[in-house]
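Protein chains: 2
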Amino acid sequence: MTQGRGDYRILQEAALRDYLAGMPDIAAQLGGEPAAWAITEVGDGNLNLVFIVKGARGGVAVKQALPYVRLVGESWPLPLSRAHYEYLALSRQAKLAPGLVPALLHHNETLALTVMELLEPHIIMRKGLVAGMRYPRFADDISTFMARNLFFTSDLALPAAEKKEAIAAFAGNHALCKITEDLIFTDPYRIAEQNRWTAPYLDGLAASLRDDMELHVAISRLKLKFMASPEALLHGDLHTGSIMVTESQTRVIDPEFAFYGPMGFDVGAVLANLLMAYFASAGHERAAGERHEFETWVLETVEQVWSEFSRKFLDLWRTEASGDAYPLPLFAGDKGAARLKAERQAYMQRLFTDTVGFAAAKTIRRIFGLAHNIDFELIEDPRKRAISEARAVRLARGMMVEAAAFRTIADVTGAARKLRDWQPELSV
Amino acid sequence: MTQGRGDYRILQEAALRDYLAGMPDIAAQLGGEPAAWAITEVGDGNLNLVFIVKGARGGVAVKQALPYVRLVGESWPLPLSRAHYEYLALSRQAKLAPGLVPALLHHNETLALTVMELLEPHIIMRKGLVAGMRYPRFADDISTFMARNLFFTSDLALPAAEKKEAIAAFAGNHALCKITEDLIFTDPYRIAEQNRWTAPYLDGLAASLRDDMELHVAISRLKLKFMASPEALLHGDLHTGSIMVTESQTRVIDPEFAFYGPMGFDVGAVLANLLMAYFASAGHERAAGERHEFETWVLETVEQVWSEFSRKFLDLWRTEASGDAYPLPLFAGDKGAARLKAERQAYMQRLFTDTVGFAAAKTIRRIFGLAHNIDFELIEDPRKRAISEARAVRLARGMMVEAAAFRTIADVTGAARKLRDWQPELSV
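Here it is, written out as structure tokens:
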């Protein structure tokens, strides 16, 4: 995707108002006079402009890509084409998992701009988790989202030709993949200018990770898998900051990192961010044990996300296997059906191992890399924050180096529970 | 790649003569009057027209794709775009492994036509192997060809962005991949109209493979790996019918199946075809033991192909690792270097396991699928042929189902040697 950058312009408030007013459907949806629309820039992500526009009747959200990384500035250019890939992915997700992504209202490829349903009163899930909120619908919704999106874009559902074309359609999004390759799979394990951590408390832990060759082999294998295993169309950035929730609704947003990659990367992202919410929770306590029910819910949710994802994925495989992988004529009769059933379980076990490893990678990058998360960052006392982070890192290190030793999701939550009150040695 | 089929036409002798006469460089290379050029159609492959053109001074080879599978006829259409992918692959191989592919003289995408250096006095290696010829250069040359082509198109050598673009550049060749997916990874294991085997002798063996669920799981895992593991740019059809040889030269031809896939598929193809030559050899004996030296050479060559490939690939990894995989800053110092060295060995061991599995798949398809090979086909006595084939299948079945049990290439050749005089039970 090359962009005619000549026609791209950043739409700030006035220009955006005119632009939206020029589209009758959207203007009608907003209602009233364009001059009266309230336009607020709310982007708190790392990459883009996001506006909320509200009129007399309703509201919309507008997302426009900037030609650089917003978190860093113009010194780090980033292709506008990512808006095209986000639009492609969002369209696909809307078909495959209806009701779990915001409705698409308009896309302009030249402006790298998308107008979407305004999600109200949804909040970013991560903020809710920091506040100790529980989301009873979440495990069911996110497991549906992942099972359907990953299954239906995989070789289990797609003819091989269609799958190859789909891989190619997202190949151009490599600048976004490169961010992941660097920031998740490389930088946290070496001295890199953009790294940061809760210093000086975690200085020793940071140094020990940089010197941990077993960990470096494990992260390098995961990196290679990330780069060269186009199993399914991933969201690519499926953390709790990319999910908006109410108690009764879940919406997944921001798939601009979408590409064909290993399924475990998405599933691991969800589990990792829940586990980080769990370890951060102790840091948000004002009285010992006050967040116990929240923490119990988080670990139950970790278990349910995996078990429901696995169950739904297997259900789809049993009923919707129209792809070229595992051809059914090779598994005819009772004996074939039994053997295929066992193989499906083995497949899920391999996917679980990948998931455990990727979850670990997603954890370590949030503690030692460039992009941190508010689960930990909002723990004001840096010593408390470092303790929560060190617990998460201890679990993650084990999950990455001995991923296959975690046979079930209960092995993961059990290990997390044991670390709830573990006292790490800090550097000061 | 969509083709303007309106301009495509099949060039038979007269039209081809005019076409070549219109290109001064090629006309000069042929020499003399175009009317005096000798044009002979020699294509004995499954898909294309191949002409040898000889003039007063020299000769060229001309390959033109037909819009259908030549072996089957117009009922099986096949995109002409494969000539474009073949040209892309050949150009890449010429750069990466100079002197090991024919020189490219001209390519016309619309006509799906390529003019190449005429290889003389080279013969198709498979014909030489049937005749019991030995090729002392072969192991060195083919291991260089594979090590350089696979390494330099992999994540070990390419930046991730370039690799993703390269995968996309070959994604459109999916019709050729589909032939492999069906004919190698599916049909031999089920009842399929195009299957054939040395009946009635192998009827029981054919039925037993169709009923062998462990084998069906193994071939399905390999199929999925073939479809979804774009490790490197493969030749895609690297059997001894795609290699032309003299005693002192090796040239790899016909990369029209080129795509990004698992490295073991190419390496396994070479090993499988040597192993089939080994098992076929007994069927070509006129006196017991007369081909003993040839057979010894074949198994030594199997061992050398793998060990030289592995050694050269590792050498390249040590000296030319400019890709994004296994970043060197993560393996600094003596400890890092030692750990990376061990990981490279582990990588090669995984690649060896893949190779063993794919070699098995390439063997079974030649005995029960659509496309057979003259190693076996030219054994006139069908009972003798069936015995040779059954030996190859016995080894292949083990290699596919227990690939990881073959730890070294000597395990493979040792198993082959033990089967040299094994007497299978035939159906009649």
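Read top to bottom, the protein sequences are chains U and D. Mapping the first sequence onto full-length UniProt numbering, position 246 (from 1) lands on 246, and the numbers just tick up by one. Mapping the second sequence onto full-length UniProt numbering, position 221 (from 1) lands on 221, and the numbers just tick up by one. Even for Gly, the Cβ is constructed at its ideal location relative to N, Cα and C. Note that the structure is predicted; figures quoted are calculated from it, not measured.
Between the C-alpha atoms of residue i and residue j, what's the straight-line distance to the nearest angstrom?
i: I219 of chain U; j: Q194 of chain D; result: 46 Å
i: L330 of chain U; j: G99 of chain D; result: 43 Å
i: G241 of chain D; j: L90 of chain D; result: 16 Å
i: H284 of chain D; j: P79 of chain D; result: 38 Å
i: G31 of chain D; j: V42 of chain D; result: 21 Å
i: V298 of chain D; j: D375 of chain D; result: 13 Å
i: E377 of chain U; j: H122 of chain U; result: 22 Å
i: Q3 of chain D; j: A169 of chain D; result: A caution first: Q3 of chain D carries a pLDDT of 41, below 50, which makes its placement in the model unreliable, though a value can still be read off. Going by the C-alpha atoms only, they are around 16 Å apart.
i: T153 of chain D; j: A166 of chain U; result: 21 Å
i: T319 of chain U; j: T250 of chain U; result: 25 Å
i: G333 of chain D; j: R190 of chain U; result: 13 Å
i: Q93 of chain D; j: A157 of chain D; result: 15 Å
i: S322 of chain D; j: K312 of chain D; result: 16 Å
i: V393 of chain D; j: I364 of chain D; result: 6 Å
i: G172 of chain U; j: A36 of chain D; result: 51 Å
i: D421 of chain D; j: K95 of chain D; result: 44 Å
Compute the distance between the beta-carbons of residue i and residue j, then report whether it is under 9 Å.
i: I39 of chain U; j: L105 of chain U; result: no
i: H216 of chain D; j: R339 of chain U; result: yes
i: A359 of chain U; j: A396 of chain U; result: yes
i: E308 of chain U; j: A416 of chain U; result: no
i: E13 of chain U; j: G59 of chain U; result: no
i: R407 of chain D; j: E247 of chain D; result: no
i: F51 of chain U; j: L209 of chain U; result: no
i: D53 of chain D; j: L16 of chain D; result: Checking the sequence, you will find Val at residue 53 of chain D rather than Asp. Yes, they are a contact pair.
i: L150 of chain D; j: A61 of chain D; result: no
i: L205 of chain D; j: S427 of chain D; result: yes
Counting only beta-carbon atoms, is residue i nearer than 9 Å to chain D?
i: A161 of chain U; result: yes
i: S322 of chain U; result: no
i: P77 of chain U; result: no
i: L316 of chain U; result: no
i: L183 of chain U; result: no
i: R17 of chain U; result: no
i: L274 of chain U; result: no
i: L66 of chain U; result: no
i: T186 of chain U; result: yes
i: L330 of chain U; result: yes
Determine the extent of the alpha helix (DSSP H) in which residue i is found, giving its start and end residues.
i: G264 of chain U; result: 263-284
i: A410 of chain D; result: 409-418
i: I243 of chain D; result: First-last for I243 of chain D: 243-245, but that is the beta strand (DSSP E), not the alpha helix (DSSP H).
i: residue 469 of chain U; result: Absent from the structure is residue 469 of chain U, since the part of chain U shown begins at 1 and ends at 428.
i: H239 of chain U; result: Run containing H239 of chain U: none; DSSP gives neither H nor E here.
i: F352 of chain D; result: 333-368
i: V393 of chain D; result: 382-401
i: I10 of chain U; result: Premise fails: I10 of chain U is in no alpha helix (DSSP H) and is neither H nor E.
i: F376 of chain U; result: 374-377
i: L49 of chain U; result: That residue, L49 of chain U, is in no alpha helix (DSSP H); its beta strand (DSSP E) goes 48-54.
Counting only beta-carbon atoms, is residue i nearer than 9 Å to chain U?
i: T408 of chain D; result: no
i: A206 of chain D; result: no
i: T2 of chain D; result: Residue placement at T2 of chain D is flagged as unreliable, the pLDDT there being 39, under the threshold of 50; a coordinate-derived value is accordingly withheld.
i: L351 of chain D; result: no
i: L129 of chain D; result: no
i: R354 of chain D; result: The sequence given here places Asp at residue 354 of chain D; Arg does not occur at that position. Chain U, which has no Cβ nearer than 9 Å to the Cβ of D354 of chain D, makes this no.
i: H84 of chain D; result: no
i: D266 of chain D; result: no
i: F259 of chain D; result: yes
i: G414 of chain D; result: no
i: K335 of chain D; result: yes
i: V252 of chain D; result: no
Could you spell out the range, first to last residue, of the beta strand (DSSP E) harbouring residue i?
i: G59 of chain D; result: 59-65
i: G73 of chain D; result: 73-77
i: V305 of chain D; result: From DSSP, V305 of chain D is part of no beta strand (DSSP E) but of the alpha helix (DSSP H) over 292-320.
i: T40 of chain D; result: 38-41
i: A27 of chain D; result: Taken as a continuous stretch (DSSP letters only), A27 of chain D belongs to no beta strand (DSSP E), being part of the alpha helix (DSSP H) at 24-30.
i: L234 of chain D; result: 232-234
i: L105 of chain D; result: 104-108
i: R251 of chain U; result: 250-252
Note to self: Taking beta-carbon pairs under 8 Å, can you tell me which members of the segment 223-240 of chain D lie near chain A?
What the structure shows: Note that chain A does not occur in the displayed structure, where the protein chains are U and D.
Notebook entry, point to check: What are the uninterrupted segments assigned as alpha helix (DSSP H) that are 4 or more residues long and contained completely in the segment 115-173 of chain U, given in chain order?
Noted result: 125-130, 138-152, 160-171
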